[in-house]
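Number of protein chains: 2
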Amino acid sequence: MSGIEPDIEAFRAAALRCPLPEAIELIGEKWAFLILRGALNGLQHFEQFQAGLGIARNILSDRLSKMVDGGILARASDPADGRKKIYSLTDKGEALLPVVVALRQWGEEWCHGPSDIQLADQQTGKPVKTLRLRAEDGRELALSDLMWIDRRTGATLRRHQASDAKL
Amino acid sequence: MSGIEPDIEAFRAAALRCPLPEAIELIGEKWAFLILRGALNGLQHFEQFQAGLGIARNILSDRLSKMVDGGILARASDPADGRKKIYSLTDKGEALLPVVVALRQWGEEWCHGPSDIQLADQQTGKPVKTLRLRAEDGRELALSDLMWIDRRTGATLRRHQASDAKL
DNA sequence: CAGATAGATTTCAATACGCAACTATTCTTT
DNA sequence: AAAGAATAGTTGCGTATTGAAATCTATCTG
């Protein structure tokens, strides 16, 4: 009774301590993500983002501000031209590279088909490795190989564990 | 003249053939991403998602349909209970695991601080490896180590290459 | 048969989006 | 120095999306 099943409770409790929602606030939105992609590709100025992404100016302005507030981008005046502002990735923003590349690789494999433009290592010219989840020892891990572990209590939770246990 | 700088043109050309926008349509949205996380954590039913995420029912309904249409989730009737529908991840959906984990790891490192709940390998109980971009030979790659390569023409493009070349 | 449950759909107010026009600085050209 | 162009925004306004609550239908349980 009183409704909520144990796995939902377990999940919600975990979700509250999960860093994902905060991350999603910052870049879990179409334009923010495309701005990030642009920045990773070297775009730096308002007009570049605007023309490059085809985004409305007010929306762009809003997203850039939020991303600056969120610490992903830094806004600076161009010393060489007082009209220009330079938007550059912070370390925090650059650290999103694996997320963007992982999504790109997924899109390539499951939506788009191999793109003729590929991300490659400058040194060798060879394509970057496909990102995969791995164990500490390097074994590749699938969803079914995973569990949650609570470092304080030591409690563990497998994917469907709780849904059977009516506890 | 006529406005657009060469690096924006290069960016736009590349963007047109980029698989990211399509991927972003499907999961580049707060709720879609949270539903995906829920599904990866074993949520299967409408009411579980609703209660677990605190999402409005109409929005949930809309997103679930779009994710089914997009091939990320499959909707099936529960043979044991005709009222229930089972939403399960397709292979395409499961393949998003690295994206979700990468974002989670980013949030943990840059937003949230270490979470007390950690994703671990069932076999060893040890936390999963942090996802990083690597070259084919295993070297870790930073943003500045990357380039774009066009497989058809063989042309290459570095991050800021075009912004100096006023071509 | 009378609830209760699961998965939605409908209604409606509030918010967010997107386009176009406008503003304010700061170069650049003449 | 004045006129024009470039850069980075802001404002107004119509449209689309969201979110909360109520409603609906089919199925299951007591």
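Residue numbers (our numbering), protein chains in the order written: chain A, 1 to 167; chain B, 1001 to 1167.
Cβ coordinates follow ideal geometry from the N, Cα and C atoms, glycine included.
Asked	Found
Interface residues of the stretch 1089-1100 of chain B facing chain A [CB-CB below 7 Å]	1092, 1094, 1095, 1096, 1097, 1098, 1099
6 Å Cβ shell around residue 26(A) - same chain, five flanking residues per side excluded	70
Proximity of residue 86(A) and residue 64(A) at Cβ, strictly below 9 Å	no
Sufficient close CB pairs (3 or more, under 8 Å) joining the stretch 33-50 of chain A to the stretch 78-94 of chain A	yes
Neighbouring residues, chain A, relative to residue 1128(B) (Cβ below 8 Å)	133, 134, 135, 136, 141, 146
C-beta neighbour in chain A for residue 1030(B), strict 9 Å	yes
CB contact check: residue 24(A) to chain B, cutoff 9 Å	yes
Within-9 Å CB hit, residue 63(A) to chain B	no
Any 3 or more C-beta pairs closer than 8 Å across the stretch 104-118 of chain A and the stretch 1126-1144 of chain B	no
Spatial distance of residue 1150(B) from residue 1158(B) (CA atoms)	12 Å
Proximal residues of chain B, C-beta to C-beta of residue 73(A) below 9 Å	Going along chain B, no residue has its Cβ under 9 Å from residue 73(A), so there is no contact; the nearest lies around 13 Å.
Runs of alpha helix (DSSP H) lying entirely within the stretch 1075-1101 of chain B, each at least 4 residues, in chain order	1091-1094
Backbone CA spacing between residue 1099(B) and residue 80(A) [nearest angstrom]	39 Å
Limits of the unbroken beta strand (DSSP E) element including residue 148(A)	146-150
Neighbour flag for residue 58(A) against chain B, beta carbons, 9 Å	no
CB contact flag (residue 30(A), residue 1028(B), <9 Å)	yes
Among 141(A), 117(A), 119(A), 24(A), the one whose alpha carbon lies nearest that of residue 1124(B)	141(A)
Alpha helix (DSSP H) runs wholly inside the stretch 1052-1076 of chain B, at least 4 long, in chain order	1057-1069
Residues that DSSP places opposite residue 1035(B) in a beta bridge	In DSSP, residue 1035(B) forms no bridge with anything.
Same chain, Cβ closer than 7 Å to residue 1126(B), five either side skipped, listed in chain order	1120
C-beta atoms of residue 1039(B) and residue 1077(B) nearer than 9 Å	no
For residue 1105(B) and residue 74(A), the rounded distance between their alpha carbons	22 Å
Own chain residues within Cβ distance below 8 Å of residue 1066(B), not counting five before or after	1026, 1032
Cβ-Cβ distance between residue 1072(B) and residue 1090(B) below 9 Å	yes
Exposure of residue 23(A), with buried meaning 16 or more beta-carbon neighbours within 10 Å	buried
Which of helix, strand or coil DSSP assigns to residue 136(A)	coil
CB contact check: residue 35(A) to chain B, cutoff 9 Å	no
Chain A within 9 Å of residue 1159(B), Cβ atoms only	yes
Helix, strand or coil at residue 165(A) [DSSP, three-state]	Low per-residue confidence applies at residue 165(A): pLDDT is 31, beneath 50, and the placement is therefore not dependable enough to give any value.
Any chain A beta carbon closer than 9 Å to residue 1179(B)	Chain B is shown from 1001 up to 1167; residue 1179(B) falls before or after that span and cannot be answered.
Partners in chain A for residue 1080(B), counting only beta-carbon separations shorter than 8 Å	Chain A residues near residue 1080(B): none, gap ~13 Å exceeds 8 Å.
Inter-residue spacing [alpha-carbon to alpha-carbon] between residue 144(A) and residue 135(A)	13 Å
Residue 103(A) beta carbon less than 9 Å from that of residue 1020(B)	yes
Paired residues, beta bridge with residue 157(A) - DSSP	148(A)
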